[in-house]
Amino acid sequence: MFARSISRRWFVNTIGAVFVILVVFVSTLSVMVKSSTYNGIELALTGRMDELLNWLSGSSRGYQTSEFAAITRDYIENYFQDRAKMEIMAISKDGRVVITSTGFEPDRQQDMPDYQLALESPDSSGKWVGELNTGEKVMAITRAVRDEDGRLIGSIRYMVSMERADQQTRLVIEILILAGIFIMMLLTFSGVYFIRSILVPVRQVSQSARQIAQGDFEVRIQKAHNDEIGQLCDTVNDMAEELGAAERMKNEFISSVSHELRTPLTAIKGWAETLRDGADKATEEKGMNVIIRESERLSGLVEELLDFSRLQNGRMQLVSERLDLLAELDEAVYLFTERARTEGKALIYQENECLAPVYGDRNRLRQVFVNILDNALKYTEAGGSVTVSSQVEAERVRVMVEDTGCGIPAEHLPNVKKKFYKANQLVRGSGIGLAMADEIIAMHNGGLELESKEGEGTKVVIFFPLCK
Numbered sequence: 016m017f018a019r020s021i022s023r024r025w026f027v028n029t030i031g032a033v034f035v036i037l038v039v040f041v042s043t044l045s046v047m048v049k050s051s052t053y054n055g056i057e058l059a060l061t062g063r064m065d066e067l068l069n070w071l072s073g074s075s076r077g078y079q080t081s082e083f084a085a086i087t088r089d090y091i092e093n094y095f096q097d098r099a100k101m102e103i104m105a106i107s108k109d110g111r112v113v114i115t116s117t118g119f120e121p122d123r124q125q126d127m128p129d130y131q132l133a134l135e136s137p138d139s140s141g142k143w144v145g146e147l148n149t150g151e152k153v154m155a156i157t158r159a160v161r162d163e164d165g166r167l168i169g170s171i172r173y174m175v176s177m178e179r180a181d182q183q184t185r186l187v188i189e190i191l192i193l194a195g196i197f198i199m200m201l202l203t204f205s206g207v208y209f210i211r212s213i214l215v216p217v218r219q220v221s222q223s224a225r226q227i228a229q230g231d232f233e234v235r236i237q238k239a240h241n242d243e244i245g246q247l248c249d250t251v252n253d254m255a256e257e258l259g260a261a262e263r264m265k266n267e268f269i270s271s272v273s274h275e276l277r278t279p280l281t282a283i284k285g286w287a288e289t290l291r292d293g294a295d296k297a298t299e300e301k302g303m304n305v306i307i308r309e310s311e312r313l314s315g316l317v318e319e320l321l322d323f324s325r326l327q328n329g330r331m332q333l334v335s336e337r338l339d340l341l342a343e344l345d346e347a348v349y350l351f352t353e354r355a356r357t358e359g360k361a362l363i364y365q366e367n368e369c370l371a372p373v374y375g376d377r378n379r380l381r382q383v384f385v386n387i388l389d390n391a392l393k394y395t396e397a398g399g400s401v402t403v404s405s406q407v408e409a410e411r412v413r414v415m416v417e418d419t420g421c422g423i424p425a426e427h428l429p430n431v432k433k434k435f436y437k438a439n440q441l442v443r444g445s446g447i448g449l450a451m452a453d454e455i456i457a458m459h460n461g462g463l464e465l466e467s468k469e470g471e472g473t474k475v476v477i478f479f480p481l482c483k
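If you want the working numbering, it's the position in the sequence shown, counting the first as 1, plus 15.
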C-alpha cells in the first residue's frame, strides 16, 4: 500500500503534469506549423498576384476593359511558369471566367467566396480556403482590378491545392506526437526505475524497522548506494546496534542487580533461620551484626536505584548550600579506611588543608565520592593502593582518585560513564554508580574525567567550580 501510494502520487503529479504540458506544447506547435504553412502559401500567391498586376499596369494599353482578357492571356501563355503549382483565372466584370492557366473549362457550379469578398472589400481583395465540389481542398485569392476612376475592369484569381501542404503539416504533427509519446515513455520508464530504486530499499528499511520494533536487534540492511537512502540504511543499522547494546546492558544490569539483591537477602535469611533455631550469645551477636550490615547494604542498593530513577525522570532536586568540598571528601575517605585495611589495600589520603568553598548539595556530593572510592577499591586487588588527593585552583577545585587496579581496556573507556555499562562483569555492582556520579557532578556544573591503562590502574579526576 505504501509503495502503491508513492507510485500513484508520482504518476499523477509528474507524469500527469508532463502529459498536460506535452499536449499543450504539441497542440500549440501544430497550430503554429499549420498557420506558418498556410501563411507561406498565401504570401506566395499574393506575390504572384502582385507580379501580374504590375504586368497589367505596365502594359502600354493600361487597364482597359476591352484589353483585360487579352493582356491576361498573353501573360499566362508566355510568362507564367508555375502552371504545375497553381492556377490563374481571369474573370470578367460580369463574373464569367474568361481564361484559365489549365486550359480547361471551369466548373460553373463552383462557388467562389473569395471573388465575392474581393468585390465587397475596400482593398479589392478576398481569400478563401475550402473544398471544391470535387472534394479537393484549395486556397484561392482574388484581386478585383479597377481603372483610375474605380470602375471594375475584371478580376484575377489565383488558386492552389492544399492537399500536399496538409500532408506535410500532418506529417510534422505526427512526428511531434511520436516525439511526445517517446518522451512520455522515456520519462515513465526512467521514473519507474528511479521510484523502484527508492521503494525497494525503503521497503527493506520498513521491514527491518518492524523487526527491530519486535525485538530483533541483529537485523541489518544491505546498503546498495552511498546516497541519502544509503545514509538512512546506515542510520537504521546504527540504531539497531545501539538498541541491541542497550538491551544487552539492560539485561546485564537486571542480572547484576538481582545478584546484588540476592546476596544480602541470602545472608539475612540464613542468619535469621540460625537465630530462630537458637544460638549462643556470641553466635547471636555475630548474626545480628551480619543482618544489620547486609540490611544496610540492601538499603543502600535500593536507595541507589531510586536515585537513579529520579535522575532519569528529572525528579532529583538538589538542596544546595555553601559548603567546604574537601571536608566532605575527608568524611568519605574516613568511611572507607577500615574497609581498605580489612581487604589488605592501602588507602592513601593526601589531605589538603585549603578551604574549597562550593555551592552544592552536601549529601549528593558525598554520594559521588563514595561511589568513586567504592569503585576504586572494588577494582584494586589486595596489596594494591588507592590514592586520594585534591588541588585548589583559582576558579575550581580538583579531586583525584587514582588506583593500581586492573584498569579499563581502551575499547571500554568511552562507555564506562554510560548507564548500565560494566567493563568487568566479574566484579559486583549494578553499573550505574559512575553514571550517577557523572550526572550529579554535571548538575553542579562540574565534570568527571577518566584516565586508565589496562593492567596499570585508573585515575578519576573530578572538578567543581568554586564559589565567587
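For glycine and all other residues, C-beta sits at the position ideal for the given N, C-alpha and C. What you are looking at is a predicted structure, and each value in this text was computed from that prediction instead of being measured.
query	result
Coarse secondary structure for K265, derived from DSSP in three states	helix
Straight-line gap, Q406 to V348 (C-alpha atoms, nearest Å)	16 Å
Own chain partners of I91 with C-beta closer than 6 Å, once the 5 adjacent residues on each side are dropped	I103 and S116
Ordered list of beta strand (DSSP E) runs contained in the region 110-193, each at least 3 residues	112-115, 140-146, 152-161 and 167-176
Whole-angstrom C-beta distance between P372 and C482, which should lie under 8 Å	5 Å
Same chain only: Cβ atoms within 7 Å of I456, ignoring 5 sequence neighbours per side	V383, G462, L463 and I477
Contact between the region 124-142 and the region 187-200 (3+ Cβ pairs under 8 Å)	no
In chain order, each beta strand (DSSP E) run of at least 3 residues that lies wholly inside the region 371-459	372-376, 400-407 and 411-418
T357 versus A397 - alpha carbon distance	10 Å
Neighbour-count burial assignment, K421, 16 or more Cβ in a 10 Å radius	It is Cys, not Lys, that sits at residue 421 in the sequence shown. Burial call: buried.
Buried/exposed call for L58, threshold 16 Cβ in 10 Å	exposed
In DSSP terms, what F209 is bridged to	DSSP lists no partner for F209.
Closest by C-alpha distance to K152, when choosing among W143, M177 and L167	M177
Member of I188, V251, D295 and D376 whose CA lies at the smallest distance from the CA of T43	I188
Inter-residue CB distance, V251 and S223 (contact presumed, cutoff 8 Å)	6 Å
A99 (DSSP reduced to helix, strand or coil)	coil
Cα-Cα separation, E417 to G472	7 Å
Three or more C-beta pairs below 8 Å linking the region 273-284 and the region 312-319	yes
CB contact flag (V41, I190, <8 Å)	no
N-terminal and C-terminal residue of the alpha helix (DSSP H) that A361 is part of	Careful: A361 lies outside any alpha helix (DSSP H), inside the beta strand (DSSP E) at A361 to Y364.
Test item: CB-CB of V160 and L60 under 8 Å	no
Residues near L258 by beta carbon distance below 7 Å, same chain, minus five either side	I227 and F232
Helix, strand or coil at D339 [DSSP, three-state]	strand
Bridge-paired residues (DSSP) for G473	Note on identity: in this sequence residue 473 is Thr, with Gly being the wrong assignment. S467.
Cβ-based burial, D109 [other Cβ within 10 Å; buried from 16]	exposed
Nearest-angstrom Cα separation, counted from I283 out to E309	7 Å
Straight-line Cα distance separating K265 from D376	29 Å
Reduced DSSP category for A105 - H, G, I as helix; E, B as strand; rest coil	strand
Buried versus exposed, by CB contacts within 10 Å (16 or more), F17	The pLDDT assigned to F17 is 45, lower than 50, so where the model puts this residue is not dependable; a value taken from the coordinates is nonetheless given after this. Classification of F17: exposed, given that the 10 Å Cβ count is below 16.
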